[in-house]
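Enquirer:
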Amino acid sequence: MKSESTSSNRAAAFVQNMIELCKRSNGARSALRRAASQEQEACIYMYLSPWIDLTDNRKRKIYTLVASMLASEKDVGSGSLSLGKVLQLAVKKRIKKDGSNKEPPSDPRFRRLLATDGVDDALLVLRPIIRLIQARCPGQLDYVSLLRDLEWYDERVRIRWARDFFRTVEEQEDI
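Everything in the sequence shown is counted per our numbering, starting at 217 for the first residue and increasing by one.
#1: Short check: CB of Gly-392 to CB of Asp-365, under 8 Å?
#2: Assuming Leu-363 contacts Ala-227 (C-beta within less than 8 Å), just tell me the rounded distance between them.
#3: Helix, strand or coil for Leu-270 per DSSP?
#4: Can you tell me which of Arg-276, Asp-370 and Gly-300 puts its alpha carbon nearest to the alpha carbon of Arg-379?
#5: Rounded to whole angstroms, what's the CA-CA distance from Val-231 to Phe-382? Just pull it up for me.
#6: What separation, rounded to the nearest whole angstrom, lies between the Cα atoms of Arg-347 and Leu-297?
#7: Identify every residue that forms a DSSP beta bridge with Leu-357.
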C-alpha cells in the first residue's frame, strides 16, 4: 500500500511540475505537445529524466502521454474528474449535440479501451479519447489520477473507469 501512496505523491508532483513548466515556458509546452508523436518523443527526455528512468520503456510511454496531453489542454491544468466520469460527460455532450437520446451512454472508443490487454495497447487507444475529452470538457480530466491508473494499469483500473462511465447521475448524487 505504501508504494501506491508514494506513486500517487510522485504522480501529483510530476503533473504539478509539468503544469508549472508549461506556464513558464512556451517552448517547453510546445515540445511536450509535439511528444505525442513518437518521432518527436525524444525532444522531452530532458523534462522526463528527473522523474523516471528513460530506459524503462513502459514508464517513458506513460509519462510522455500524460505530459503531452496535459500540455495540449487549452488552459494547462489538471481537473478533478476521473477518466470514466469526464468521458461520460463528453459523450453526453455529443449525444445532446447530435439530438439523439441514447441511454446508457455508449462510446466505441471507450469499449475498445476496456478491452485492452495491457498498458501499451491502452496508451494507443487513450490519445483520441483524451482529445475528445479536451474538446468537449476542457480542463476537467484529473491527470494525476490518470497517471496513477496507468502506472498500476490492470483489470481493477478498467473496472473503476467502467463504473464511473456507466454510473447514472442519481447514483452519483447518493454518494
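In this text, a Cβ means the ideal position worked out from N, Cα and C, and glycines have one as well. Given the structure is predicted, the values throughout are model-derived calculations rather than measurements.
Expert: So, from the listed chains and residues:
#1: What the structure shows of the chain is the stretch from 217 to 391, and residue 392 is not part of that stretch, so it cannot be assessed.
#2: 4 Å
#3: coil
#4: Gly-300
#5: 27 Å
#6: 15 Å
#7: Leu-297
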